[in-house]
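Report on the following structure.
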Amino acid sequence: MVFLHGYLSSKEAFTAQIEYFSRFYRVTAFDFLGFGQSAALQTPFDVADYAAWTKEVLRLLGVRKPHVIAHSFGCRVAVKLASEDEDAFDKMLLTGPAGVILNRGTGYKIKVGAYRAVRKIAPKFAEKRFGSAEYRSLPPLMKESYKKIVNEDLCDCARRVQNEVLLVEGLRDKTTTLKEAEAYLLSFPRARLRILEGGHFAFAERPVAFQLIAEEFFDR
């Protein structure tokens, strides 16, 4: 079993799940390049770069066709990799799944236009005042990587994933919403959706409930 953590997170986010599933599986958990205890990025990675990097890590570790539990950004990587290599994973559990771009509406387009206009005359001011708190906290190279990552819609990739997929969405998740999870659900050929009380980190907020859902999925 492999764990893939979210953006600005680390493998430690899955501490409860790693401890539990280590009783039954050979568990592999690592920090993505640029996060946790891993090395810093040398160039701005997009999702495909992270997928290729993950595939190589699993190869070097001798991990073949594992179950995967992925959270948020980790779901992007899992979906991209599975869409390109049908033998990368066995069953896939995606919680708080990121990678869907819904209609962002007029307000979003206005903000993007304002950012681009301000950046031309005051780039430092634009970087400090525009974008999410998550984006503003990043160093320059990571900002470039972040933009590549969040602007890719992975629904087309999801349509190529033949694995059995379980989406576990936090009822109060405001980071990756239920609407996004439902869009993913319609994209995967073989997927189901479970709702769990909690927010974006519902798996950590309700570890026992999450682990029971995961155990039922992997064992059936």
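The opening position of the sequence shown corresponds to residue 2 in our numbering, with each subsequent residue numbered one higher. Where is the CB? At the ideal position from N, CA and C, for every residue including glycine. The model shown is predicted, which means the values in this text are computed figures rather than measured ones.
Quick one: what does DSSP say residue i is sitting in, helix, strand or coil?
{"i": "M93", "result": "strand"}
{"i": "R27", "result": "coil"}
{"i": "A159", "result": "helix"}
{"i": "A302", "result": "The structure shown does not extend to residue 302, since the chain is modelled only from 2 through 221, so no value can be given for it."}
{"i": "L213", "result": "helix"}
{"i": "E13", "result": "helix"}
{"i": "E170", "result": "strand"}
{"i": "A115", "result": "Below a pLDDT of 50, predicted positions are generally treated as unreliable, and A115, at 42, falls in that range; no measurement from the model is reported."}
{"i": "F218", "result": "helix"}
{"i": "E85", "result": "helix"}
{"i": "V101", "result": "coil"}
{"i": "A79", "result": "helix"}
{"i": "P208", "result": "helix"}
Check for me: the alpha helix (DSSP H) holding residue i runs from which residue to which?
{"i": "F4", "result": "No alpha helix (DSSP H) holds F4; the beta strand (DSSP E) holding it covers V3 to L5."}
{"i": "I19", "result": "T16 to F22"}
{"i": "I150", "result": "P141 to V151"}
{"i": "E183", "result": "L179 to S188"}
{"i": "L61", "result": "V48 to L62"}
{"i": "R137", "result": "A134 to R137"}
{"i": "F202", "result": "Looking at the DSSP string, F202 is not in any alpha helix (DSSP H), and its letter there is neither H nor E."}
Taking just the CA atoms, how far does residue j sit from residue i?
{"i": "L187", "j": "I122", "result": "43 angstroms"}
{"i": "H72", "j": "N104", "result": "23 angstroms"}
{"i": "P140", "j": "Y147", "result": "10 angstroms"}
{"i": "T177", "j": "A210", "result": "20 angstroms"}
{"i": "F1", "j": "R221", "result": "Only positions 2 to 221 of the chain appear in this structure, which leaves residue 1 out of reach."}
{"i": "G171", "j": "Q43", "result": "34 angstroms"}
{"i": "R161", "j": "A215", "result": "23 angstroms"}
{"i": "T29", "j": "V64", "result": "8 angstroms"}
{"i": "I196", "j": "E57", "result": "33 angstroms"}
{"i": "R117", "j": "S138", "result": "Low confidence applies to R117: its pLDDT is 47, below 50, so where it sits in the model is not reliable, and the reading given next is rough at best. The straight-line gap from Cα to Cα measures roughly 19 angstroms."}
Return the residue from the list the options that minimises the CA-CA distance to residue i.
{"i": "M2", "options": "D86, K66, D47 and F36", "result": "K66"}
{"i": "P45", "options": "Q163, G199, K149 and L194", "result": "K149"}
{"i": "V69", "options": "F4, L82, G97 and L34", "result": "F4"}
{"i": "P190", "options": "F31, L168, D154 and A215", "result": "L168"}
{"i": "Q163", "options": "G100, E87 and R207", "result": "E87"}
{"i": "G200", "options": "P98, A30 and E20", "result": "P98"}
{"i": "L179", "options": "A134, L194 and S23", "result": "L194"}
What residue range is occupied by the uninterrupted beta strand (DSSP E) comprising residue i?
{"i": "I196", "result": "A192 to L197"}
Contact defined as beta carbons within less than 8 angstroms: I believe residue i pairs with residue j. What is the distance between those atoms, to the nearest angstrom?
{"i": "Y136", "j": "F74", "result": "Their Cβ separation, rounded to whole angstroms, is 13 angstroms, which puts Y136 and F74 out of contact at 8 angstroms."}
{"i": "A79", "j": "L95", "result": "7 angstroms"}
{"i": "E153", "j": "D47", "result": "7 angstroms"}
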